[in-house]
Each structure stands twice: as structure tokens, then as C-alpha cells.
Amino acid sequence: PSVRIAIARDPAFGFYYQDDLEALTRAGAELVPFDALHDRHLPDVDGLFIGGGFPEVHMRTLSENTTLKHDIRMAVEAGMPAYVECGGLLYLSQSLSWQGDKFDMVGVIPGDGVMHDRPIGRGYVQLQESGDGLWSTSREQDQDFPAHEFHYASLDGLSDDHRFAYRVKRGHGIDGAHDGLILHNLTACFAHQRDLDSNRWAENFVEFVAQCKSLTQPKAVEQTALMA
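Take the sequence shown: its position 133, counted from the start at 1, is 1498 in the numbering used here, and no numbers get skipped.
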């Protein structure tokens, strides 16, 4: 596949494994960096990846960048494939609260990010496919795979009727039992995944982005032909 994936690279979002970025590239993705603090619009891309970081430190600036927030919300709600981890999850929530301040975030995820004084999730995580995930995988549904989490945040106000990509066998995830909240074509995790033999998430995500792109291309080609 040949796809363009926007990736937030700025002081608010910088927790990425270089090996995983290289795995995304090998799988056929062109990574298009953007600055969630200062860029006013999302680049012209097929997918979106926002990793962890310190959005709470920059939440005023993130909140005030309303045009980018609007672009991201519209893109995700229109079905753009997206994957966010930890800080990226908080950015896509309704709001983020820290040290007595509260700011509006992107507003895609129907919950509120709240920072606490002590870690909510910390350390080694074991996840298991729920069977509801958006990406294809070669794993058996009951096969565990490793990840890790380190977050002082919780996602509050989330209803009980959402789908999740993963069951948490060890760790906390979003609610102590699940991680990988699924909305539209978005998967949102507190866990940080590593691209390993036991979890080729980068290849799976790129393939999913390519599949979604292929579903939209015929319409564009058809419209071009009609105009000609």
C-alpha cells in the first residue's frame, strides 16, 4: 500500500518508537508531520496517528487552535482511519482538566480527560483481541500480546455501550478491563503498542488505511470521468 498518514510531532506529542515509525514506512506509509499547537489545518492525508506526550502542559494552546481541532473532528467523523495513544486519546476527548484548569479538546471521543496526582496505569500491559477491532490481525482472538502504559489520566463520563478492540488481561487501559476504544474508523488506546513479531500493528494499521482509501477512490475516479 501507498498511503499518507499525518503524525503529530511537536512539544505536546512526541512519544514514538523510532522502530515503529520505520515499520510504518516499510509497510508503505508516507508519514506527514504536523504541529498540533501551531498548524491551522490537517495535511492532505489518508490516515492519522497521534502518539503520547504532554498535552496537559500545552492544553491551552491546543484548545485555542480551533481550526485544526475542527479539521481533525470532521476527518474522524467522516471515517478517516485514525490511531491515537494516551496523550492523543486525551486530545481527541471532549475536554482535558489539570491543576484546576479545564479546556475543550477535539471532541470526538465522548468522554473527558482528567489528570490525577498518581498514575492510573503504569507498567507492563497484556492485551488480547476482542474480536471487534478494525484492523486485520494474524493473532488468535485469545492470544495475548505485550504493550505498556504510563498515564496519570482517566477518561471520565464514557458510557458503557462502546466497542473496544482489546481486552486488558494485565494493566488498566481505559476502564480496567478494555482498551482501544472504537469510534468510526478510530482506535484510541491508553496503552502504547510496539511493533514486534507478536504484534505487527504498524503493518495492520497501514493496510487498514489503504483499504479505507481504496473504498473512496472509485467514487473520485467516477466523478472525474463524468466531468470529462
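Even for Gly, the Cβ is constructed at its ideal location relative to N, Cα and C.
For Val1574, the closest alpha carbon among the candidates Lys1467, Thr1390, Pro1475 and Glu1421 is that of Thr1390. For Asp1509, the uninterrupted beta strand (DSSP E) run begins and ends at Asp1509 to His1516, by DSSP. When rounded, the separation of the alpha-carbon atoms in Gly1452 and His1557 is 10 Å. Residues of the same chain with a CB within less than 7 Å of the CB of Asp1497, apart from the 5 flanking positions on each side, are Arg1528, Phe1529, Ala1530 and Ile1547 in chain order. One thing to note: Lys1534 has its Cβ within 8 Å of the Cβ of Gln1493. The residues Gln1493, in chain order, have a CB closer than 7 Å to that of Asp1507 in the same chain once the five nearest residues on each side in sequence are set aside. Here the alpha carbon of Trp1500 sits roughly 14 Å from the alpha carbon of Lys1578.
Here Pro1484 is exposed. Its C-beta has fewer than 16 other C-beta atoms within 10 Å. Cα atoms of Pro1408 and Leu1402: separation of roughly 14 Å, rounded to the nearest angstrom. Scanning its chain for C-beta atoms nearer than 7 Å, with the 5 sequence neighbours on each side dropped, one finds around Asp1404 the residues Leu1433, in chain order.
In the DSSP assignment, Thr1502 falls outside any alpha helix (DSSP H) and carries neither an H nor an E.
Within the same chain, Cβ atoms closer than 8 Å to the Cβ of Arg1425 are found at Asp1466 and Phe1468, the five residues on either side in sequence being excluded.
Glu1568 carries a helical assignment under DSSP once its states are collapsed to helix, strand and coil.
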